Structures are given as structure tokens and as C-alpha cells.
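Below: one structure, written as C-alpha cells.
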Amino acid sequence: MLSLLLFLPIAGAIACLVLPRSQEGKARVVATVFTLANLAIALALFASFDQGDNALQFAERRTWIDAADAGFNVQYFIGVDGLSATLVLLTGLLFLVAALISWNITLRPREYFAWLLALETAVMGVFAAQDLILFFLFWELELVPMFFLISIWGTGRKEYSAMKFVLYTLFGSALMLVGFLVLGFSQGTFDMVELAEADITSAAMSLNAVFFLILAAFAIKLPVFPLHTWLPDAHTDAPTAVSVILAGVLLKMGGYGLIRILVGILPDQFETFDVYLAALAAFSVLYGAVLTVRQTDLKRLIAYSSVSHMGYVLLGVAALGDVALTGAALQMFTHGTITALLFVMVGLVYDRTHTRQISDLSGLAHIMPIAATVFVIAGLASLGLPTMSGFVAELLIFLGSFDHFEIQTGLAVFGILLSAGYILWTVQRVFFGPRPQRWEHLTDTTNWWEQVAMAGLVAMIIGVGVYPATIVDVLESGIIRTLGFDQ
Amino acid sequence: MLDDLDRIGPVLVMAGVAALIIIWDFIPRPLPAARGKPLLFVALLGPAAAAAWTVSLLLRDAHIGCGPLDPLALSNAPLCPGGGGTLVEGVFSFANSVVLDDLTIFFFFLFAGIGAAIILASNDYAKRFGDYEAEFYALILFATSAMLLLSASRDLILIFVALEMTGITQYILAALQKDRRSTEAGIKYLLLGATASAVILYGMAFLFGLTGTTRLVAPGDELSIASVINERGGDLGAGLIMSLVFLIGGLSFKMSVVPFQMWAPDVYEGAPAPVAAFLSVASKAAAFAVVLRIFFEGLSGETVRGDWADIFAIVAAVSMTVGNVFALVQSNIKRLLGYSSIAQAGNFMVGLAAVSAAEGGLSLGASGVLFFIAAYAFTNLGAFIVVIAISARIGSDQIADYAGLARRAPLLAAALAFALISLTGIPPTAGFIAKLYIFNAAVESNLIWLVVVAVLNSVVSAFYYLKVAGIMFMGESANQESIATSAALKLVLGVAVIGILFVGIVPSPLLDAARDAASVFSQ
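Written out as C-alpha cells, the structure reads:
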């Protein structure tokens, strides 16, 4: 069943490519059907996930490359625990959203949807892989679709941003690969479960060095200051749907890797450096938030807010406690839905006004009441209003990390204040204020695909905010499993 | 004698077909223009017959011979049919100067495949050679047959003769188009090649002087370079190091790595596109076959192993860095592929450096080299075939002219994109697995610094490879005319792309073959 989740999108990509040129408009239907089917599978998987069982579920294991005497046994080993299952659900949801809000793509639609679907396979693979080499394969597989999606369908300095994204990611993953090979050689296996259970005490190089090699990839992806500079460019120049995916799920690959691989396999090294990581996290939160306040471009603004919000994830992970890690994992899920919704709304505004400059916009609430309402909901969720999902996640992180890092947590809490500032200020400038003549002709959201995408995300944000247990219990089972390897 | 000839049968048929083409070309025909088609099929006979002969050798187990009985009886190797010895891999012929083993067979198949691919891909381009079309096919076959012989040679003299034969045919090939650039490429290649040959010969002379023999390996307790080095490797001192340096220096020309790499971009640029493709794949593979034979068999003694492995590690690191940095600024696709081939040779070389004193310490790195060479053959042929097709149609090798290629020739653009992704080492392609496997071997040999250099170089290479891919898919072309290609070219391009993806997704068959071939070094 899990394999189906991985390979159905690839089948969809091929289906898109073989459409005849005269039928190229049908690619969006194909993509929607395939992403919908994948979401259905992800939902079924999530619903049948047994929270009481701390083992990997839906696991599939096959030998892929068998060269044991050369120390190169690679398995096709996939499975999910609570953490993976939740992120797989998020991936399924956001790719459907991405397919829906791409319905107005007219430039080479077959290729566009094929790349989008190929990207889904890569991301699903990262969250499901339980073998280091397989994980690395899916991690790299994401590059080519992203490169083409940004550089062909993007805006602005799209080629530059696409290349910057690829080179940053490749740089991190190149170092990560060295770390993986050293780990694999030291234990004679790339099996992530075996590696997590093993007590790794020595390798061909110092384990601290291995830790930093692997950390590089995740810190770039998350991103953490000072490795975040690719993010605003990539987010801003990508097409809307790709920004949704980038902020919604690709950043989560970094957080996921931190928990799954660094906390799971190298907990001792993580504990050694957790104070510094927490400090970096707190700085990222504040730095990202301050930069966000200064942005004049709506998309850049949301992009920088991601830097700030991902800082909370790092803070929660660094605390290495049950509560804080669960909070960090939940923050990944909620930030995925909230930022996705924000990007959807910005894309919608940009579609109609063809500008993203905040100073050009004003009083849109009068003309586009639905869009304004949804943006406000997303914004309030983003600043952590109770009864919305962002609140639960941030609360858990602060509760869990305050015991360990009082100063860092204390500083990071100010991020909330700043985020309230930039969100409310943006809402005020864009949607309220005077109603300029030039925007009178705009129409509110009328397309069903946009409305479905928005409704789905709003339901998820409020649903998790009101009754977080559905997600939190599953996540917690995954976190307990990961921390359990330590003992 | 007949058995000996049988074991080098693939070499002989390949050369035979080449001679046939030359003779056939003398027969006057009323319409010279109509001879392209049959020529192609006659030329294809060469690789086909060589491959068929290799299959037959394999089926008859001609590479398994009867060795002396293992006195310690450690292995459970089956006994010879007549008793009195155990079955061993690798059969010597021609007074121990030629060997047929798994490694030979691996290269027989590889070179036959590359030869066939080049012949098919040249179908569109060969008309440019005018009256010399037949010579083009014949020379490709002669060069390929010399490479087959090279991979089977275990004697310094035979290795040198075969090296010269590949070299001389390739000098002519480079100059075959007879325009200014092609001639310049041919002369440049000839002059540098002659210098490199002299250096190799000097190194071989040192080795002969020190050991008193030209045989790399010999059965039993007969005199050979390997046996001398095993006995008194430590006493050979500076002379041995001198010979290592000269051999590596001279062979670095053939492998196109630092310090003799500078010819590659110039010659690739000036030579006809199919010849450049042949040089970048077949010639490089042949050079690595020689290096494996000389260093991993003749000079594999544990006292010298570390010396040359260290040299290879440094050459690898410098080559990939130099190749990648220069590739960044190229505007001509053939020059870019030239520098990229220098960098890729640096990657192969990681496998040469990844040897350890442990048992089987030689075969791990060697299997990485072999796998990488085969994966690279698919990949670089794929890239060059597209260049051949474009070059034959639009007559330009400027990367800027590749803009909008995705519209004009979607299949060519997609194929080149796959090849470039594979060269970068991004999944799901052959190049990804090849890099992974060879880096793993290096980590196991404690060469972590080299792996770090290599992976960072991969990041640099992504910039120029993906830039070309980006130009093809994003740029706009003034000329929207579609680019037609012949069926032969489409066929071989299809095979290359399927190969890239197949090896990337199901690597086990090729990996097993490479590991089998490399197992000859663990004996």
C-alpha cells in the first residue's frame, strides 16, 4: 500500500506526458485525479495507523542492491511511524491543493503536471524511506522537478533562483552523503532501524564530524540562519503551487531528517550540541521575524516568516523531550497547512492584480471578501491564535523547551509578538484601508478549484486547532519511538 | 595455437571486418552516393561478430582453465576434468602475454557495444567525410579491435603495441574531416600522444630493467613483474617509484586526467563529433583497462600498492577540480563535454585510489571503476549522440544554439537532459549509482577526504550540466524548424537512455558483472 503511494504519482506523470498535444489541457484533470487518489490512500493509511504500536507500520522490505562483501547492501525498505504517517498525509493534502490551484496553468501543462507529480513521488519517498541510501535517493530525486518547475514556470529571476535552490540543496546533500557512507561503513548496514537501535560509538571519522556533515543538509533545507538565503529567492520566484509545496512540505524534509536521522541515529551527538542548536533556533526565529516585518513583497514576506517559524521547529527538536519534539512535529504539520494557505491566497491576489507589492494593494476586503476572510484566517493561525492549529504546536514547543533552555525559549517567544505584528500589519495594508479605483474591476474567488483548495486547508487548520488529538496522538507515537531508541 | 587464436577471436573478427571494408571500398561503383547504407551494415558486422564470439567463448567456458592443484586445498574449487589441478579463472595464451578472464570478457562486451553505438550514431554525420566514409568506419573498427586486444594484454610490449594501434587510428580519425579545425585537432592529438607514448615507454623500460621481464603476471612460479615485486618489492626503491610516476604520467594522457589533460577539450572541439564521442568513451575506457592490468595485476604487491594509490588519489582530486572549474565557463558543448570528461575521469580514479591492504582490497575499488565506466559509456554516448545529431543538422556546437531545443527536437532534448542528469549524479540514473558505489568504496578505504572533494565537485558540476538542460527547455530559438534524425540514431539514442535509466533503477545486473570482472584482482 505504501509503495502505491510512492509510485502512483510517477504513473500519473507518465500519463500526463503521453497525452496528445491536442489534449494537453487534460493534464490538469489527470494530475488532480492522481493526487486525489494519493490523498485518499494517505488518508486511509493515516486512519488505519495503530497509535498503540510503536513499531514501523505498513513496512515493505526488499533487497535492492546486494553487494554485501563490498559493504554496499541497499534495501528498498519503506515504512511509516507516527511522524512519517502524519507528514505523508500532509504531502498528500498539499499536492492535491497544488494540483487544484494550478488549473489556470496554460504554458506547457503536460510537462508542468508531470514534474509536479514526479515531485510528489520524491517527497513521499523521503518520508517513507527506512534505508539511508534510499532516503538519499529520494532526497536528490526532488531536485530535477524543482529545478524545472521554478525555472520554466516561475517569475522574476527564475533561472537564478532555481539554480540557487539546486546548488544549496546539492551542497548539503553531498556532505550528508559522506556522513551516510561513514555511518553505513561503521555499522555494516544502511538500515535506519538497525542504525537507530545500534549504539554507535566509533566510525572512520569522529562522530561529531559525521553529525555536522549530516546536519548541513537538514539545516539548509529547514532552513536555519545563516543557510537560509536560498529560501526567499526560491519561494518568491516559484509559481504559486510550487511555493505551496516548497514551504508546505519540502522544508519539512529538513525537520523530518533532524528528528528521524540525527535524533534517531546520533542522539548522543545531538545532546552534545543541543544548546548551540537551540541558540541558533532562537536567533533564526527573531532574525526571520525581523526581516519579515521589513518585506514589501507579499511572497517574500511569507517566505521570511517561514524562516522564523521553522526556527520553532529547531528549538523543539533541540530540547530533545517528548513534549517539545511532538510540538516541533506538529509545528511542521500546521506550518505546512497554514503557509500553504497563505501562499494560495497570495497567488490568488497576484493572479488578479498582477502585483505583489504591498504598497500597491489596499482595501481588497471590499472587493474580494471571501479571499480576505480566508487570508485573515490563515494569518491568525500563523500568529498562533488559540483554536487554530498554530497555537497548539507553539504552545507544546515552548512548554517542552522551557525546562531545558530558558533563555533561548524566552527569546523565541518574542517571535510570536513580531509575527502578530507583521501578519496584522500586512492584513491591514492589503485588505483594509482606502478602496482604490484601480482594483474595482477585480473579482473575488469564483473558481471551484480554488474554493475547494481553500476550504480543505481551512478545515484542516481549524480542525487540528480545536481537536488536536487526532494528529498529536499519532505524532507522539512516532516521537516516543524515536526517543525510545536512545535507551 | 588455434586455441590461442580462438581466445582473441573477437579482436580478429573486428579487425577482419575493418580490412574488408577497406578492400570493398576499392571496388569501383557507379553511384558512390548510394553506398552509405550497405556500409553501415557491413561495419556493424564487426561489433556484432565480436560480441557473438565473446558469447560463444563464455558459453564454452573458454575463460576457465586448469590450474595447479592448490597444495593447501583451502578453496573448494572444482577439480579439472582430468584431475591433477583445480579450475581457475583466466586462461593464458601466446606465451602468457594474453589472458582471457572475466575482466577481458567485460571489456570485450563493453567495447563491442561502444563500437556499435558509434557506428549507428554516425549514420547521419558520416556523409560529411565524403570519399573517406569507408575509412571512417574501418578506422573505428581498427581502433576498437586494438582496444579489445589491450584489455586482454598482460605483457608490457603487447600493451604498448595495442596502445599505439588505438592511438594512431584515433589520430587519423580526429583529422578525418580535413577542415582546418579537424586537422589541427589531429596534429595536436598526434604530437601530445607521441610524447605521452614516449613517457609510458620510459616507465615500462624502468620496470623491465628492474624486474627483467615484461610479463605482468604469469601462472605458477614463472618469472613475472608481479612475482618479482612480491618477492623484493621493498628493495626496488627509487627505480620503482620512477617507473610508477612515468607510467601514471603517460597513461594520464590516455585517461585524460591531470597533468596531461589539456588536449581533451581542444581535440573534442575540433574532431568530428562521432570521433569525439569515441575518444571520450572508448579511448578512456581502454586507458582504464590498461591501468587496471598494469597496476592492479602487475604492480599489486602490498609494498607498492600504497604508493600508486596515493598518487591516484591526488590526481583524482586535482583532475575533477580542474575539469569542473574549466567546464563552468565553456560556451561550446563539445569543449564542455571535454572538460566534463576530465572531471569524470577523476571520478573513475577514486576507484583506483580506493585500494587497501585487506583481502579483496583491490577488487572493491576496481569494481567501482568498471561499473562507473559502463555507466559512463551509456551516459556520455547518450550526450554525444545528441551532439552528433544537432551538429549534423544545424552545424553548430554552441550551447546558445541549443536554446529552445525542447520544442524543435523534444526527444533529443529529453535524451540529453537524462544524460546530463546522469553525469551530475542525480537519481534515478546510472551516474547516481556509479558515484554512490565508488564513493562507498573510497570511504571503506579510509579516503574520506577524497570523497569530500568528489562530492563537492559534483555540486560544482551540477551548475554547468543543469545550465545546459535549462537552456534547452527554457530558451527560445529563432529557428522553430524541427530537427529530423535517422532511425539508426534514434535507435542507439533510445538504447542509451534506457540504459541510463535501467542501470539507475535496477543496478544489480551490471553491478554483478563489474564485481565478477573485478574479482580477477582478488586471486
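Here the protein sequences come in this chain order: A and B.
In terms of the numbering used here, the first sequence opens at residue 1 and continues consecutively.
In terms of the numbering used here, the second sequence opens at residue 1001 and continues consecutively.
We treat Cβ as the ideally placed atom computed from N, Cα and C, and that holds for glycine.
Just so it is clear, the structure is predicted and the values come from calculations on it, not from any experiment.
If we ignore side chains and look at the alpha-carbon of each, how far apart do residue i and residue j end up?
i                       : j                       : result
residue 81 of chain A   : residue 200 of chain A  : 22 Å
residue 1136 of chain B : residue 1338 of chain B : 21 Å
residue 303 of chain A  : residue 356 of chain A  : 13 Å
residue 243 of chain A  : residue 337 of chain A  : 12 Å
residue 1040 of chain B : residue 1185 of chain B : 25 Å
residue 441 of chain A  : residue 374 of chain A  : 20 Å
residue 1332 of chain B : residue 163 of chain A  : 20 Å
residue 1507 of chain B : residue 1430 of chain B : 8 Å
residue 1219 of chain B : residue 1096 of chain B : 8 Å
residue 1161 of chain B : residue 157 of chain A  : 56 Å
residue 1001 of chain B : residue 1171 of chain B : 33 Å
residue 99 of chain A   : residue 76 of chain A   : 28 Å
residue 1047 of chain B : residue 1110 of chain B : 10 Å
residue 1042 of chain B : residue 1394 of chain B : 28 Å
residue 160 of chain A  : residue 223 of chain A  : 19 Å
residue 471 of chain A  : residue 333 of chain A  : 9 Å
residue 394 of chain A  : residue 327 of chain A  : 7 Å
residue 1294 of chain B : residue 1154 of chain B : 8 Å
residue 2 of chain A    : residue 1402 of chain B : 41 Å
residue 1406 of chain B : residue 1478 of chain B : 13 Å
So, are the CB atoms of residue i and residue j less than 7 Å apart?
i                       : j                       : result
residue 1421 of chain B : residue 144 of chain A  : yes
residue 152 of chain A  : residue 196 of chain A  : no
residue 1355 of chain B : residue 1309 of chain B : yes
residue 1289 of chain B : residue 1445 of chain B : no
residue 1327 of chain B : residue 1336 of chain B : yes
residue 1412 of chain B : residue 1389 of chain B : yes
residue 371 of chain A  : residue 445 of chain A  : yes
residue 456 of chain A  : residue 387 of chain A  : no
residue 85 of chain A   : residue 135 of chain A  : no
residue 435 of chain A  : residue 363 of chain A  : yes
residue 1174 of chain B : residue 1282 of chain B : no
residue 1417 of chain B : residue 1469 of chain B : yes
residue 1319 of chain B : residue 1280 of chain B : no
Do you know whose CA, among the options, lies nearest residue i's CA?
i                       : options                        : result
residue 1301 of chain B : B/1463, B/1061, B/1126, B/1217 : B/1217
residue 52 of chain A   : A/483, A/485, A/478, A/482     : A/478
residue 38 of chain A   : A/89, A/112, A/74, A/75        : A/89
residue 376 of chain A  : A/354, A/404, A/343, A/396     : A/343
residue 1250 of chain B : B/1305, B/1192, B/1215         : B/1192
residue 235 of chain A  : A/333, A/247, A/329            : A/247
residue 390 of chain A  : A/364, A/335, A/413            : A/335
residue 360 of chain A  : A/221, A/298, A/290            : A/298
residue 1440 of chain B : B/1364, B/1423, B/1386, B/1203 : B/1364
residue 1510 of chain B : B/1155, B/1434, B/1487, B/1463 : B/1434
residue 1049 of chain B : B/1452, B/1038, B/1408, B/1017 : B/1017
residue 269 of chain A  : A/448, A/214, A/41, A/119      : A/214
residue 187 of chain A  : A/171, A/205, A/173            : A/205
residue 1423 of chain B : B/1391, B/1038, B/1343         : B/1343
residue 1079 of chain B : B/1138, B/1306, B/1315, B/1065 : B/1065
residue 1324 of chain B : B/1481, B/1459, B/1417, B/1062 : B/1459
residue 1286 of chain B : B/1145, B/1298, B/1245, B/1317 : B/1145
Using a Cβ-based criterion (distance less than 6 Å to any ligand heavy atom), does residue i qualify as near the ligand NAP?
i                       : result
residue 1495 of chain B : The ligand content of the structure shown is nil, which means the ligand NAP is not present either.
| query | Does the stretch 1355 to 1375 of chain B come within contact of the stretch 1509 to 1519 of chain B, defined as at least 3 CB pairs closer than 8 Å? | reply | Verdict: yes, contact present.
| message | I want to know whether the stretch 376 to 393 of chain A touches the stretch 420 to 438 of chain A - three or more CB-CB distances under 8 Å. | response | In short, these stretches touch, since the Cβ pair count reaches three.
| request: Tell me, please, whether the stretch 426 to 445 of chain A touches the stretch 314 to 328 of chain A by the rule of three or more beta-carbon pairs shorter than 8 Å. | output: These segments do not touch.
| request: Name, going along the chain, the residues of the stretch 61 to 72 of chain A whose beta-carbon falls closer than 9 Å to a beta-carbon of chain C. | output: Structure shown: chain C not included; protein chains present are A and B.
| field | Segments of 4+ residues assigned as alpha helix (DSSP H) that fall wholly inside the stretch 31 to 108 of chain A | value | Within the stretch 31 to 108 of chain A, the complete alpha helix (DSSP H) runs of at least 4 residues fall at 82 to 101.
| message | Using 8 Å as the cut-off, can you tell me whether the stretch 1234 to 1246 of chain B makes contact with the stretch 1198 to 1206 of chain B, which would need three or more C-beta pairs spanning the two stretches below that distance? | response | Counting C-beta pairs closer than 8 Å gives three or more between the stretch 1234 to 1246 of chain B and the stretch 1198 to 1206 of chain B, which meets the contact rule.
| field | Completely contained alpha helix (DSSP H) runs for the stretch 1081 to 1135 of chain B, where each covers 4 or more residues | value | Qualifying alpha helix (DSSP H) stretches, in chain order: 1102 to 1121.
| task | Could you tell me whether the stretch 109 to 125 of chain A touches the stretch 29 to 43 of chain A, where touching means 3 or more Cβ pairs closer than 8 Å? | result | With a cut-off of 8 Å, the stretch 29 to 43 of chain A and the stretch 109 to 125 of chain A count as touching, because enough Cβ pairs lie within range.
| alpha helix (DSSP H) segments (min. 4 residues) lying fully within the stretch 1145 to 1190 of chain B | You should have 1156 to 1175.
| said: So within the stretch 1394 to 1461 of chain B, which uninterrupted alpha helix (DSSP H) runs reach at least 4 residues, ignoring any that extend past its ends? | reply: Counting whole runs of 4 or more residues, the stretch 1394 to 1461 of chain B contains the alpha helix (DSSP H) stretches 1405 to 1408, 1410 to 1424, 1430 to 1444.
| message | Give the list of continuous alpha helix (DSSP H) stretches no shorter than 4 residues that lie fully inside the stretch 2 to 36 of chain A. | response | List check, alpha helix (DSSP H) in window: 2 to 17.
| Between the stretch 52 to 62 of chain A and the stretch 92 to 107 of chain A, are three or more C-beta pairs nearer than 8 Å? | No contact exists between the stretch 52 to 62 of chain A and the stretch 92 to 107 of chain A.
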